[in-house]
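Peer 1: Structure in structure tokens, see below.
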Amino acid sequence: MSQTRIGVVGVGVMGSAIAGRFLETGHTVTLRDRDAQKTAPLAEKGAAVAESSSALMDASDVVILSLNTAEIVEAVVFGTDGLAGHARDGMLLIDMSSTDPKATAAMGARLRAETGLGWVDAPLSGGAPAATEGRLTLMMGGDAEEVERAKGVLSAVAANMTHMGPCGAGQTTKLINQVLCACNFLAVAEATRLALDAGVDAERIPAALAGGRADSRILQEFMGKMARFDLTPTGRIDNMLKDLEATQRFSMELRTPMPLTNLITDLHRMMVAAGIGGEDSAAYMKLFDFGAAR
């Protein structure tokens, strides 16, 4: 797939990691972001920077979105100078954002009706480190043939890709993923605090528990990070809150009881209200330090 020209819209922590990986694997990459400071490091590595949606679409065969909310995605695709207005036959849009399943399904249907283009939702799990190593997990929704085409492109950044159903099914699966991740992050932070207070070397615990029932990728990647209070960016707490609140809305529509998720969502709201929403997931540790002399 080295001849596939890839456009990336949204060059935050994840978008930057995705675009960087495509550059490293020999793809032609064109970027679009309102913040020139975000595109500059990738431009130095060989990425082109589009000054308009039309320029991005002209330079791309596949366009990947890495944005924050369904509202932003809709504005980028269908708003003034939106991507849909510059669509060409044979292009494919892949939305790797984490957004609302119903909104995704509606936008996918609208894009096809207005332009004939396919929309594949491919939200991810694994964070920026996994993207740079080509081992993301993707949960995908869309037409079967278009999903297969998307897999061929995304194989540069992902090791596990599963077609979950029609457009929007990937986003539904991502909400389920976020419930499991949020519970795990907070459990690991709580356990790390207990280890530190008890005088146990928390950085040795992941190795001690490896392969057992308590093991998880979050345990392996984050307990040591949390023990050191290493806040190197991998994912933001306020982004997790966004997804948890979307899960709450979705579950209320389905009348699905989610008592643990509701509690964890409130804990995330507390952390955002305390001003640490923009920090890395390792900052969950601060939840256990509020008001404490440590």
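Each residue of the sequence shown is one higher than the one before, counting from 1 in our numbering.
No residue lacks a Cβ here, since even glycine has one placed at the ideal position from N, Cα and C.
Remember, it's a predicted structure, so these values are computed and weren't measured experimentally.
(1) What residue does the beta strand (DSSP E) around residue 141 start on, and which one ends it?
(2) For residue 254, which beta-bridge partners are listed by DSSP?
(3) Run through DSSP, which three-state label would residue 234 get?
(4) For residue 197, which three-state DSSP category applies?
(5) Report the CB separation of residue 200 from residue 241 in whole angstroms; it is logged as a contact under 8 Å.
(6) Grab the span of the beta strand (DSSP E) containing residue 120 for me, first residue to last.
(7) Whose C-alpha, out of 127, 85, 204, is nearest the C-alpha of residue 21?
(8) Check the DSSP bridge columns for residue 48 and list the partner residues they point to.
(9) Looking only at C-alpha atoms, which of 178, 281, 46, 220 sits nearest to residue 244?
(10) With 16 other CB atoms within 10 Å as the buried threshold, where does residue 174 fall?
(11) With a 10 Å radius around its C-beta and 16 neighbouring C-beta atoms as the bar for buried, classify residue 3 as buried or exposed.
(12) Below 7 Å CB to CB, which residues in the same chain sit around residue 71 once its five sequence neighbours on both sides are set aside?
(13) Give a yes or no on whether the C-beta atoms belonging to residue 147 and residue 18 are separated by under 8 Å.
(14) Looking at the structure shown, is residue 160 part of a helix, part of a strand, or coil, going by DSSP?
(15) Pick out whichever of 138, 84, 16, 23 has its Cα sitting closest to the Cα of residue 113.
(16) Comparing alpha-carbon positions, which option in 283, 207, 186 lies nearest residue 263?
(17) Per DSSP, residue 125 forms a beta bridge with which residues?
(18) Could you give the DSSP three-state label for residue 276: helix, strand or coil?
(19) Would residue 246 and residue 100 qualify as a contact pair, given that the criterion is a beta-carbon distance under 8 Å?
(20) Alpha carbon to alpha carbon, how far is residue 140 from residue 163? Give it in angstroms, no decimals.
(21) What does the Cβ neighbour count give for residue 280, buried or exposed, with the cut at 16 atoms within 10 Å?
(22) Any idea which residues DSSP pairs residue 152 with across the strands?
(23) Determine the closest residue to residue 10 out of 66, 137, 207, with distance taken between C-alpha atoms.
(24) Quick check: residue 60 and residue 135, are their CB atoms within less than 8 Å of each other?
(25) Given that a residue counts as buried once 16 or more other Cβ atoms are within 10 Å of its Cβ, and exposed if not, what is residue 232?
(26) Is it the case that the segment 37-46 contacts the segment 252-267, given that we only count it when at least three CB pairs across the two stretches are under 8 Å?
(27) Check whether the Cβ of residue 217 lies closer than 8 Å to any Cβ atom in chain B.
(28) Apart from the five residues on each side of it in sequence, which residues of its chain come closer than 6 Å, Cβ to Cβ, to residue 169?
(29) Quick check on the burial criterion: 16 or more other C-beta atoms within 10 angstroms. Buried or exposed for residue 46?
Peer 2: Based on what the coordinates show:
(1) Here residue 141 is taken as the residue at index 141 of the sequence shown, counted from 1. Note, residue 141: beta strand (DSSP E), 136-141.
(2) Taking the first residue of the sequence shown as position 1, residue 254 is located at position 254. BP columns for residue 254 are empty, so no partner.
(3) Here residue 234 refers to the residue found at position 234 when the sequence shown is read from its first residue. Three-state DSSP puts residue 234 in coil, outside helix and strand.
(4) For the purposes of this step, residue 197 is taken as the residue at position 197 of the sequence shown. When DSSP states are grouped into helix, strand and coil, residue 197 belongs to the helix group.
(5) To locate residue 200, count along the sequence shown from 1; it is residue 200. To locate residue 241, count along the sequence shown from 1; it is residue 241. 30 Å between Cβ atoms; not a contact.
(6) Here residue 120 refers to the residue found at position 120 of the sequence shown. Start and end: 118-121.
(7) Counting from 1 along the sequence shown, the entry for residue 21 is found at position 21. Across the set 127, 85, 204, the C-alpha of 127 shows the shortest separation from the C-alpha of residue 21.
(8) Within the sequence shown, residue 48 is the residue found at index 48, counting from 1. Partner(s): 30.
(9) If you number the sequence shown from 1, residue 244 lands on position 244. When the alpha-carbon of residue 244 is set against those of 178, 281, 46, 220, the nearest one is in 178.
(10) The residue you call residue 174 lines up with position 174 of the sequence shown. Residue 174 is classed as buried because its beta carbon has at least 16 other beta carbons within 10 Å across all chains shown.
(11) Residue mapping note: residue 3 aligns to position 3 of the sequence shown, counting from 1. By the neighbour-count rule (16 or more Cβ atoms within 10 Å), residue 3 is not buried but exposed.
(12) Numbered from its first residue, the sequence shown carries residue 71 at position 71. If we look at residue 71 and ignore the five residues flanking it on each side, it has no Cβ neighbours.
(13) The residue given as residue 147 occupies position 147 in the sequence shown. The residue given as residue 18 occupies position 18 in the sequence shown. For residue 147 and residue 18, no; Cβs fall outside 8 Å.
(14) Taking the sequence shown and counting its residues from 1, one reaches residue 160 at position 160. In this structure, residue 160 counts as strand in the three-state DSSP scheme.
(15) For the purposes of this step, residue 113 is taken as residue 113 along the sequence shown, with counting starting at 1. Minimum Cα distance to residue 113 is reached at 84.
(16) Counting from one through the sequence shown, the residue named residue 263 turns up at place 263. Nearest C-alpha to residue 263: 186.
(17) The sequence position of residue 125 within the sequence shown is 125, counting from 1. Note: residue 125 is bridge-paired with 137 in the DSSP secondary-structure output.
(18) The count along the sequence shown starts at 1 and reaches residue 276 at position 276. Note: residue 276 maps to coil in three-state DSSP.
(19) As a working note, residue 246 is residue 246 in the sequence shown. As a working note, residue 100 is residue 100 in the sequence shown. Yes, the Cβ-Cβ distance between residue 246 and residue 100 is below 8 Å.
(20) Start at 1 with the first residue of the sequence shown, and residue 163 comes out as number 163. Start at 1 with the first residue of the sequence shown, and residue 140 comes out as number 140. Straight-line Cα distance between these residues: approximately 5 Å.
(21) Locating residue 280 in the sequence shown gives position 280, counting from the first residue. With 16 or more neighbouring CB atoms inside 10 Å of its own CB, residue 280 falls in the buried class.
(22) Against the sequence shown, residue 152 aligns to sequence position 152. For residue 152, no pairing in a beta bridge is given by DSSP.
(23) Residue numbering aside, residue 10 sits at position 10 when the sequence shown is read from its first letter. Checking every option, the nearest Cα to that of residue 10 belongs to 66.
(24) Position 60 of the sequence shown, counting from 1, holds the residue named residue 60. Position 135 of the sequence shown, counting from 1, holds the residue named residue 135. Not in contact: residue 60 and residue 135 (Cβ atoms no closer than 8 Å).
(25) Along the sequence shown, read from residue 1 onward, the residue named residue 232 stands at position 232. Burial call: exposed.
(26) The answer is no - the segment 37-46 does not touch the segment 252-267, with fewer than three Cβ pairs under 8 Å.
(27) No chain B appears in this structure, which consists of one protein chain only.
(28) Counted from its first residue, the sequence shown places residue 169 at position 169. 141.
(29) Numbered from 1 along the sequence shown, position 46 holds the residue referred to as residue 46. Per the 10 Å Cβ criterion, exposed.
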